[in-house]
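K.L.:
Can you keep this structure in mind? I'll have questions shortly.
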Amino acid sequence: MSESSLLLALLGAVVGAVALLVFRASPRATMVVWTLVLFFVPIWVGVSLGIVWSAITLMTLAAIAASVTDVRLGAIDVLVGVFALLVLVQLALQLSTLSASVIAVLEWLVPYIWGRLVLARVPGLDIARILAAAATVAAILALIEFATGRNAFVALPGPGNAAEWARLQPRAGFLRAEGAFGHSIALGAALAMSTPFVLVARWRPWATALSLVVIVGAVVVTFSRIGLVALALTLALSAALLPGVRRSVRWLVVLGGAAAVGVVVPFLGAVFADAGDEASGSADSRSGQLALLSQIRPFGSAGDWSGRMVDGVYFGEYADSIDSTLLLVGLRFGWVPLAVLTLVLLAVALGALRSPNPAALAVAGQLPGLVAVALITQFGPLLWFLVGLAVAWRLREREDAELARPPVSLPAARPRTATAARP
Numbered sequence: 564m565s566e567s568s569l570l571l572a573l574l575g576a577v578v579g580a581v582a583l584l585v586f587r588a589s590p591r592a593t594m595v596v597w598t599l600v601l602f603f604v605p606i607w608v609g610v611s612l613g614i615v616w617s618a619i620t621l622m623t624l625a626a627i628a629a630s631v632t633d634v635r636l637g638a639i640d641v642l643v644g645v646f647a648l649l650v651l652v653q654l655a656l657q658l659s660t661l662s663a664s665v666i667a668v669l670e671w672l673v674p675y676i677w678g679r680l681v682l683a684r685v686p687g688l689d690i691a692r693i694l695a696a697a698a699t700v701a702a703i704l705a706l707i708e709f710a711t712g713r714n715a716f717v718a719l720p721g722p723g724n725a726a727e728w729a730r731l732q733p734r735a736g737f738l739r740a741e742g743a744f745g746h747s748i749a750l751g752a753a754l755a756m757s758t759p760f761v762l763v764a765r766w767r768p769w770a771t772a773l774s775l776v777v778i779v780g781a782v783v784v785t786f787s788r789i790g791l792v793a794l795a796l797t798l799a800l801s802a803a804l805l806p807g808v809r810r811s812v813r814w815l816v817v818l819g820g821a822a823a824v825g826v827v828v829p830f831l832g833a834v835f836a837d838a839g840d841e842a843s844g845s846a847d848s849r850s851g852q853l854a855l856l857s858q859i860r861p862f863g864s865a866g867d868w869s870g871r872m873v874d875g876v877y878f879g880e881y882a883d884s885i886d887s888t889l890l891l892v893g894l895r896f897g898w899v900p901l902a903v904l905t906l907v908l909l910a911v912a913l914g915a916l917r918s919p920n921p922a923a924l925a926v927a928g929q930l931p932g933l934v935a936v937a938l939i940t941q942f943g944p945l946l947w948f949l950v951g952l953a954v955a956w957r958l959r960e961r962e963d964a965e966l967a968r969p970p971v972s973l974p975a976a977r978p979r980t981a982t983a984a985r986p
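Heads up: take any position in the sequence shown, counting from 1, add 563, and you land on our numbering.
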């Protein structure tokens, strides 16, 4: 190692140690910095040490190290642990690839752990306000990007795959906004997941309205059909189920949704019609990938299907891209790990119907989209952070209910009555 490299390594170690001390002393600062990295640092920015450690992965590991505390475990934690064990065992047995296992651990399981820990040190209202504020700023930048045709984030250097993610995407002559997320679908999904936190942030009604308008506008200019569906579903569920939301805010969502249907839908219809083969080809590709279901094994990777053909279906055209999270998990790890992971997501989403919280509703709004989109860039870490946060939120509510429950009173002993002495 050269002298300059050694100096940089020592400097990085010192900076990391100081950051951990600051994060340990200020949990809110940890949440703020993590959120800023998530929303405003592209996935290709990071450090190359054997593999590329993205900035969001490094920040999540630092947040966990600074926030280790006792947490109450639940059934969903057991399912996540089973999935993690299956991933590691299959890797050890060479049934799955190193790259797929690294993604599952660093981009899914590690953010889940951070989501489980953060609520023990940062109040839920603070978490909601931090996420809502970051999403609002990201949405404003997305609208500026759409208006100017320029994305400042693509110029940021890093050892990751900038050549793939920094490419801007046109649709029908418009630039699809993607912000720091490297892809318009990832940005649309992240903004959609942020809307429940805007509703529970307890801002003034005008501030809540302005934030929602900006976020909806930003999702529109991603021109992502999946993002738009997730946005509509998440807002509808949140307005109907979230406790503590002002009635004026609920009516705002209803009336705003009706206005959006009248204004946005015709505009989007014209854009998708002009996109023609590009938009329809994207949808056809997603439906065609369902043929790969036949390649999934009970355990382990489906292997290389780039040259396979079954019943006249050539799988090679899907070798470079699988636009389905659930299908991709099955192809990488098998039916059994896929079933475990699906149970986790369904348990969180169904739990939102019984005991709604913003994180659980954000996850529920993404379930339909996971059939047709992969967990690309920061979309994956944010989703799994919210899964962990939803579990923590539910368990915290249960603990609070148990503490508020009056103690069980034992029946008082009957007083002895004096009996007359026998003569």
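Each residue gets a CB set at the ideal place from its N, CA and C atoms; glycine is no exception.
Do the region 690-697 and the region 750-766 make contact, defined as three or more Cβ pairs closer than 8 Å?
P.N.:
In short, these stretches touch, since the Cβ pair count reaches three.
K.L.:
Should E727 go down as buried or exposed, given a rule of 16 or more other Cβ atoms within 10 Å for buried?
P.N.:
For this step, residue 727 is matched to residue 164 along the sequence shown. It is exposed - the Cβ of E727 has fewer than 16 other Cβ atoms within 10 Å.
K.L.:
My parser needs the beta strand (DSSP E) runs of 3 or more residues fully inside the region 605-685; what are they?
P.N.:
Counting only runs of 3 or more, we get 609-612 and 614-617.
K.L.:
To the nearest angstrom, how far is the alpha carbon of L938 from that of L754?
P.N.:
Counting from one through the sequence shown, the residue named residue 938 turns up at place 375. Counting from one through the sequence shown, the residue named residue 754 turns up at place 191. C-alpha separation (whole angstroms): 14 Å.
K.L.:
Please classify S887 as buried or exposed, where buried requires at least 16 neighbouring CB atoms within 10 angstroms.
P.N.:
For the purposes of this step, residue 887 is taken as the residue at position 324 of the sequence shown. Buried, by the Cβ-count rule.
K.L.:
So is D963 buried or exposed if we call it buried at 16+ other beta carbons inside 10 Å?
P.N.:
Walking along the sequence shown from the start, residue 963 turns up at place 400. Classification of D963: exposed, given that the 10 Å Cβ count is below 16.
K.L.:
Helix, strand or coil: how does DSSP classify S887 here?
P.N.:
The sequence position of residue 887 within the sequence shown is 324, counting from 1. Coil at S887, not helix or strand.
K.L.:
For R959, which of helix, strand or coil comes out of DSSP?
P.N.:
One-based indexing of the sequence shown puts residue 959 at position 396. In this structure, R959 counts as helix in the three-state DSSP scheme.
K.L.:
Does the region 892-912 come close enough to the region 735-746 that 3 or more CB-CB pairs lie under 8 Å?
P.N.:
Taking 8 Å as the limit for Cβ pairs, the verdict is that the region 892-912 does not touch the region 735-746.
K.L.:
Beta carbon of V685, beta carbon of P590: below 7 Å?
P.N.:
Indexing the sequence shown from 1 puts residue 685 at position 122. Indexing the sequence shown from 1 puts residue 590 at position 27. Their beta carbons are under 7 Å apart, which means V685 touches P590 by this criterion.
K.L.:
Quick one: residues in its chain with C-beta nearer than 7 Å to the C-beta of L750, no 5 flanking neighbours on either side, listed in chain order?
P.N.:
Within the sequence shown, the letter at position 187 stands for residue 750. Excluding sequence neighbours, L750 sits near A705, A740, E741, G742, F744 and T785.
K.L.:
Using the Cα positions of G897 and Q852, report the straight-line distance between them to the nearest angstrom.
P.N.:
Locating residue 897 in the sequence shown gives position 334, counting from the first residue. Locating residue 852 in the sequence shown gives position 289, counting from the first residue. Cα-Cα distance, rounded: 16 Å.
K.L.:
I need the straight-line Cα distance from P1073 to P919, nearest angstrom please.
P.N.:
A query on residue 1073 cannot be resolved here, the shown segment of the chain reaching from 564 to 986 and no further.
K.L.:
For I859 and F586, what's the separation of their Cα atoms in angstroms?
P.N.:
Position 296 of the sequence shown, counting from 1, holds the residue named residue 859. Position 23 of the sequence shown, counting from 1, holds the residue named residue 586. Answer to the nearest angstrom: the Cα atoms are 43 Å apart.
K.L.:
With respect to the beta strand (DSSP E) encompassing F737, which residues constitute its N-terminal and C-terminal limits?
P.N.:
Here residue 737 corresponds to residue number 174 of the sequence shown, with the count starting at 1. Run containing F737: F737 to R739, per the beta strand (DSSP E) assignment.
K.L.:
Compare the beta carbon distance of Y675 and W956 with 7 Å and say whether it is the shorter of the two.
P.N.:
By one-based count along the sequence shown, residue 675 stands at place 112. By one-based count along the sequence shown, residue 956 stands at place 393. Not a contact, by the Cβ cut-off of 7 Å.
K.L.:
Cβ atoms of R961 and A663: under 7 Å apart, would you say?
P.N.:
Here residue 663 refers to the residue found at position 100 when the sequence shown is read from its first residue. Here residue 961 refers to the residue found at position 398 when the sequence shown is read from its first residue. Cβ distance not < 7 Å, so A663 and R961 don't count as in contact.
K.L.:
For chain C, find out if any of its Cβ atoms is closer than 7 Å to the Cβ of P722; answer yes or no.
P.N.:
Protein chain content of the structure displayed is limited to a single chain, and chain C is not contained in it.
K.L.:
So is R679 buried or exposed if we call it buried at 16+ other beta carbons inside 10 Å?
P.N.:
Within the sequence shown, numbered from 1, the residue matching residue 679 stands at position 116. By the neighbour-count rule (16 or more Cβ atoms within 10 Å), R679 is buried.
K.L.:
Could you name the residues of the same chain whose beta carbon sits closer than 6 Å to that of L798, not counting the 5 residues immediately before and after it, in chain order?
P.N.:
Along the sequence shown, read from residue 1 onward, the residue named residue 798 stands at position 235. Around L798: T758 and V816.
K.L.:
So is W671 buried or exposed if we call it buried at 16+ other beta carbons inside 10 Å?
P.N.:
The count along the sequence shown starts at 1 and reaches residue 671 at position 108. It counts as buried.
K.L.:
Cβ atoms of L738 and G712: under 7 Å apart, would you say?
P.N.:
On the sequence shown, residue 712 is found 149 positions in, with the first residue counted as 1. On the sequence shown, residue 738 is found 175 positions in, with the first residue counted as 1. Going by C-beta atoms, G712 is nearer than 7 Å to L738.
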